[in-house]
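For reference, each letter of the sequence shown is one residue, going 1 to 654 in the UniProt record's numbering. Every residue gets a Cβ at the ideal spot worked out from N, C-alpha and C, and that includes glycine. Since this is a predicted model, take the numbers as computed values, not measurements.
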Amino acid sequence: MTTQRTVLNGGWTDLQGGDGDGAAADTATIDPINILDTVEVPIVVLRRDLMVACFNKAAADVLGLSPSDIGRTSCDRSALAGLHRLEEQCRQVIAGGMESRADFRDGYRWFVVQISPYARGDGQVTGVVLTFTNVTAFRASVDQAIYEREFTKAILNTAAGPLVVLSADQRVQSANRAFYTMFGLSRDEAQGIPLRALGRAAFELAQLHGQLAEMLAGSRAFHSVEVDHVVTGKGERTLVLDAHPLFLPGHSERRVLVTFQDITSRKQAEAAKDLRSEEELRRSEAFLAEAQRLSLTGSFSWRVATDEITGSDQLYRIFEFEQGVQVTLELIVSRIHPEDLPLFGDMVDRARGARADFDFEYRLQMPDHSVKYLHVIAHGTRDSDDCLEYIGAAQDVTQRRLSEEALRRSERQLQQVEMELAHANRVAAMGQMSTSIAHEVNQPVAAAITNAHVALHWLDSEQPEKVRQALNRTIKSGNRASEVIDRIRAFIKKTPPRMDSLEVNDAILEVIALTRSEAVKNGISVQTQLAEGLPVIQGDRVQLQQVVLNLIINALEAISGLGEGARELMISTGKAKSDGVFVAVRDSGPGVSPTNLERVFEAFYTTKSDGLGMGLSICRSIIEAHGGRLWATASEPQGAIFEFTLPTHPDSPS
Ligand code: ADP
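Structure, rendered in structure tokens:
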């Protein structure tokens with residue numbers, strides 16, 4: 001330190017006096033030197049001949065000057081060698097007495113060198129004072145700012161959407177390329193234009209400017225604003241404007257960045273979608289209404305707490321309510337058939353009590369007293385307020401009910417006709433068997449008469465025991481005749497079908513008895529092969545006997561037509577292969593051709609001149625009504641077999 005101060009001291013004195021009088025200058029120069037040494041800015045003083053006169057401590061530190069540099073030209077100093085034109089500038093300053101500046105770089109450091117004339121008291125410039133202001137940090141921040149600015153500019157210009165920075169008075173300050181393109185303006189033309197004047201005053205919106213003004217006053221909030229604006233070359237577009245405040249640290253001035261987003265395509269797509277969904281909704285509503293009309297189904301909702309009822313058009317049509325009238329429970333009740341009112345009341349009470357789905361049918365009585373059948377189903381739900389609501393459908397099933405009723409009626413009529421027919425068939429069959437029947441009745445009657453005669457004879461002979469025996473036989477024969485007549489009466493009587501447990505063999509034997517003499521008359525041998533221990537079956541005795549009688553009569557007729565050959569009729573029973581029993585009637589007649597095996601069961605199919613063709617058809621329906629089957633097959637070597645099965649009575653021991 002001492003050495004340096006000496007150096008400075010010497011240099012300063014030299015510059016002051018030029019004669020090196022140290023004693024005189026000592027007191028006058030000590031203070032400035034001390035002061036200069038306390039200054040952090042490097043200061044170098046050059047003489048008129050540009051020799052280094054002196055420098056302060058900062059210059060020694062920063063520029064690397066040493067005492068040996070005193071008296072040497074500045075350009076010799078490597079530290080100052082970077083200062084081009086230094087000598088020239090210094091000479092100009094010395095000659096003109098005007099300050100000058102130069103930029104100086106030392107490695108990474110930047111200095112601004114101020115070259116000031118140093119004048120003595122008489123004004124003569126005896127040298128220059130170089131002060132080195134370190135501007136490294138400043139330059140760095142300027143560079144950074146320039147970089148940031150360029151960077152931001154690049155981003156803004158590559159951003160697809162238009163952006164603009166507005167000044168405090170809402171005028172265009174800077175913008176990106178997209179912004180200028182959108183408004184068809186050059187940068188210069190746009191500069192300073194108020195936002196509200198842009199786009200034929202499309203942005204002249206109080207809401208927009210009020211918000212921008214608030215933002216410029218410090219607010220950060222901004223609710224985007226939608227603006228319709230005609231864009232050059234693109235036609236009418238919908239833009240969404242958003243704003244963000246821009247604050248510069250240390251600056252009180254505020255600006256706003258306004259962005260423009262073109263949402264035209266999105267809006268068009270949304271509008272198209274809305275239109276589509278509206279159209280779809282309209283179509284599905286129309287479909288629903290049409291479906292309700294065609295299916296005669298009306299829909300309704302019923303809010304239980306408020307009794308609020310809404311119904312579809314079809315519901316109004318079903319109840320014949322005037323369209324538009326408010327549907328109430330009372331109004332509905334006024335249409336319920338008086339006999340169904342209790343049922344309806346029950347349903348309403350149950351539905352009110354707890355959420356329960358309902359499905360029931362009731363009748364309406366319309367103002368003209370016609371009756372409608374209604375099938376109602378509804379599903380109960382609870383809404384967010386826990387209120388019970390039923391959504392349901394009411395279908396007018398009148399037509400269906402009436403058709404069902406008509407069907408039931410015609411089925412009943414058909415059954416009646418079938419019964420009549422079967423009865424007629426029975427009577428006819430009995431007519432055919434009249435000779436046999438007469439014989440069947442005559443036989444016991446004749447026996448009774450004979451026994452009565454015998455009794456008389458023994459009476460004359462006073463043989464009471466023989467008389468008793470003869471009378472007993474008379475009674476027996478009388479009973480037999482009466483039984484035969486009872487059976488025939490039962491057979492011919494028109495009675496509704498009844499199901500009884502019966503033994504097939506018993507029933508068959510009664511029929512065979514009736515037909516026996518007819519067979520004998522025609523020289524036909526009737527054989528039976530009735531299996532023992534057959535399960536009991538359930539059926540109508542008379543109807544089943546009618547079937548067997550029909551089959552036997554057909555067989556007898558078939559055999560009778562034959563000129564020669566075997567004349568045999570075999571009636572057999574047995575256990576059916578599957579379950580139950582079978583009955584087969586086999587004859588040695590001409591048989592049925594294979595193609596007609598099914599046709600013979602068709603109503604009105606007959607090959608007989610006096611035939612009706614109803615016998616087998618009635619037989620088949622009787623057997624099928626008993627849960628069995630009746631069919632025909634060919635018999636070997638000739639003839640036909642008609643066979644039927646009957647299921648076992650459920651209680652029959654297997
Ligand atoms: P119909 O006896 O009034 O003709 P059926 O329905 O009882 O009516 O019989 C229909 C037809 O079936 C008879 O006309 C006859 O051609 C045929 N057929 C019925 N049973 C026999 C049989 N055992 N052998 C040959 N043909 C038969």
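Next item on the list: Can you give me the Cβ contacts of D21 inside the same chain, cut-off strictly under 6 Å, excluding the 5 residues immediately before and after it?
Entry: In the sequence shown, counting from the first residue as 1, residue 21 sits at position 21. Residue placement at D21 cannot be trusted, given a pLDDT of 44 that sits under 50; what the coordinates show is reported in the next sentence. Cβ within range, chain order: n/a, list empty.
Checklist line | Nearest-angstrom Cα separation, counted from T528 out to E636 | finding: Within the sequence shown, the letter at position 636 stands for residue 636. Within the sequence shown, the letter at position 528 stands for residue 528. Those two C-alpha atoms are separated by around 18 Å.
Margin query: At a threshold of 7 Å, does L612 count as lining the ligand ADP (C-beta to nearest heavy atom)?
Written below: As a working mapping, residue 612 is identified with position 612 in the sequence shown. Yes.
Next item on the list: May I ask whether a heavy atom of the ligand ADP can be found less than 7 Å away from the beta carbon of S617?
Entry: Here residue 617 corresponds to residue number 617 of the sequence shown, with the count starting at 1. The answer is yes for S617.
Item checked: Span of the beta strand (DSSP E), counted from its first residue to its last, around I70 -> In the sequence shown, counting from the first residue as 1, residue 70 sits at position 70. From DSSP, I70 is part of no beta strand (DSSP E); its letter is neither H nor E.
Margin query: Cutting at 6 Å between CB atoms, please list the residues of its own chain near D242, excluding the five before and the five after it.
Written below: Within the sequence shown, residue 242 is the residue found at index 242, counting from 1. Setting aside the 5 residues that flank it on each side, D242 is surrounded in the same chain by S224, T259, each with a C-beta closer than 6 Å to its C-beta; the list follows chain order.
Check: Is V445 near the ligand ADP, with its Cβ less than 7 Å from a heavy atom?
Finding: The sequence position of residue 445 within the sequence shown is 445, counting from 1. V445 Cβ: outside cutoff for every heavy atom of the ligand ADP.
Check: I think L514 touches M433, with their Cβ atoms under 8 Å apart; what is that distance to the nearest whole Å?
Finding: Mapped onto the sequence shown, residue 514 falls at position 514. Mapped onto the sequence shown, residue 433 falls at position 433. About 5 Å; that satisfies the 8 Å criterion.
Margin query: Can you determine whether any heavy atom of the ligand ADP sits closer than 7 Å to the C-beta of N554, and answer yes or no?
Written below: One-based indexing of the sequence shown puts residue 554 at position 554. Checking every heavy atom of the ligand ADP against the Cβ of N554, one is found closer than 7 Å.
Notebook entry, point to check: Between T133, L212, A201, I146, which lies nearest to D169 when the distance is taken from Cα to Cα?
Noted result: Counting from 1 along the sequence shown, the entry for residue 169 is found at position 169. With distances taken between Cα atoms, D169 lies closest to L212.
Note to self: Assuming H453 is part of the beta strand (DSSP E), what are its boundary residues?
What the structure shows: Within the sequence shown, residue 453 is the residue found at index 453, counting from 1. Per DSSP, H453 belongs to no beta strand (DSSP E); it is in the alpha helix (DSSP H), 434 to 460.
Margin query: Does the distance between the C-beta of P590 and the nearest non-hydrogen atom of the ligand ADP fall short of 7 Å?
Written below: Indexing the sequence shown from 1 puts residue 590 at position 590. Yes, the ligand ADP has a heavy atom inside 7 Å of this Cβ.
Notebook entry, point to check: To the nearest angstrom, how far is it from the Cα of V600 to the Cα of D486?
Noted result: The residue given as residue 600 occupies position 600 in the sequence shown. The residue given as residue 486 occupies position 486 in the sequence shown. About 32 Å.
Check: Roughly how many whole angstroms lie between the Cα atoms of A271 and Q261?
Finding: For this step, residue 271 is matched to residue 271 along the sequence shown. For this step, residue 261 is matched to residue 261 along the sequence shown. If you draw a straight line from the Cα of A271 to the Cα of Q261, it comes to about 18 Å.
Item checked: Environment of P535 [buried if 16+ CB atoms lie within 10 Å] -> Your numbering for residue 535 matches position 535 in the sequence shown. Buried is the call here.
Notebook entry, point to check: Given 8 Å as the limit, is there contact between the segment 553 to 569 and the segment 520 to 527, that is, 3 or more CB pairs closer than that?
Noted result: Segments in contact, yes.
Note to self: For the ligand ADP, I want to know if D587 counts as a neighbour, meaning its beta carbon is within less than 7 Å of at least one of the ligand's heavy atoms.
What the structure shows: The residue you call residue 587 lines up with position 587 of the sequence shown. Because some heavy atom of the ligand ADP lies under 7 Å away, the Cβ of D587 counts as near it: yes.
Next item on the list: Would you check if the distance between the CB atom of R283 and the CB atom of Q314 is smaller than 8 Å?
Entry: Locating residue 283 in the sequence shown gives position 283, counting from the first residue. Locating residue 314 in the sequence shown gives position 314, counting from the first residue. Cβ atoms of R283 and Q314: not closer than 8 Å.
Checklist line | the segment 202 to 218 contacting the segment 174 to 188, beta-carbon criterion three pairs below 8 Å | finding: no
Checklist line | Residue environment, A25, which counts as buried when at least 16 other CB atoms sit within 10 Å | finding: Position 25 of the sequence shown, counted from the first residue, corresponds to residue 25. In this predicted model, A25 has a pLDDT of only 42, less than 50, meaning its place in the structure is not dependable enough to derive any value.
Check: Going by C-alpha distance, which of L549, W110, S621 is nearest T136?
Finding: The residue labelled residue 136 in the question sits at position 136 within the sequence shown. With distances taken between Cα atoms, T136 lies closest to W110.
Next item on the list: If I'm right that D396 touches I332 with Cβ under 8 Å, what's the distance once you round it to whole angstroms?
Entry: By one-based count along the sequence shown, residue 396 stands at place 396. By one-based count along the sequence shown, residue 332 stands at place 332. About 14 Å; that fails the 8 Å criterion.
Note to self: Measuring straight from C-alpha to C-alpha, what distance separates R363 and A406?
What the structure shows: The sequence position of residue 363 within the sequence shown is 363, counting from 1. The sequence position of residue 406 within the sequence shown is 406, counting from 1. So the two alpha carbons sit approximately 18 Å from each other.
Check: If you pair each beta-carbon of the segment 585 to 597 with each one of the segment 557 to 576, do three or more pairs fall below 8 Å?
Finding: yes
Note to self: Considering only DSSP beta bridges, list what F111 is partnered with.
What the structure shows: The residue labelled residue 111 in the question sits at position 111 within the sequence shown. According to DSSP, which records beta bridges pairwise, F111 is partnered with F104, N134.
Next item on the list: Check whether the Cβ atoms of residue 665 and S482 sit closer than 8 Å, and answer yes or no.
Entry: No information on residue 665 is available, as it lies outside the stretch 1 to 654 that the chain covers here.
Check: Using the rule of at least 16 other Cβ atoms within 10 Å of the residue's Cβ for burial, across every protein chain shown, is S617 buried or exposed?
Finding: Sequence index remark: in the sequence shown, residue 617 carries index 617 (1-based). Label assigned to S617: buried.
Note to self: Just verifying my parser: in three-state terms, what is the DSSP assignment at Q638?
What the structure shows: By one-based count along the sequence shown, residue 638 stands at place 638. In the structure shown, Q638 sits in coil (DSSP, three-state: anything other than H, G, I, E or B).
Check: In three-state DSSP terms, what is G353?
Finding: The residue you call residue 353 lines up with position 353 of the sequence shown. G353: helix per DSSP, three-state reduction.
Next item on the list: Note down, in chain order, each residue of its chain lying with its Cβ closer than 6 Å to the Cβ of Q641, except the 5 sequence neighbours on either side.
Entry: As a working note, residue 641 is residue 641 in the sequence shown. With the sequence shown as reference, residue 641 is identified as Ile, and Gln is not the correct amino acid for it. Answer for I641: A584, R586, T633, S635, listed in chain order.
Notebook entry, point to check: Run through DSSP, which three-state label would R254 get?
Noted result: Residue mapping note: residue 254 aligns to position 254 of the sequence shown, counting from 1. Reduced to three states, the DSSP call for R254 is strand.
Notebook entry, point to check: Does the separation of the CB atoms of V511 and L549 fall below 8 Å?
Noted result: To locate residue 511, count along the sequence shown from 1; it is residue 511. To locate residue 549, count along the sequence shown from 1; it is residue 549. A contact, by the Cβ cut-off of 8 Å.
Notebook entry, point to check: Taking buried to mean at least 16 other C-beta atoms within 10 Å of its own C-beta, is Q545 buried or exposed?
Noted result: Taking the sequence shown and counting its residues from 1, the one referred to as residue 545 is at position 545. By the 10 Å Cβ count, Q545 comes out buried.
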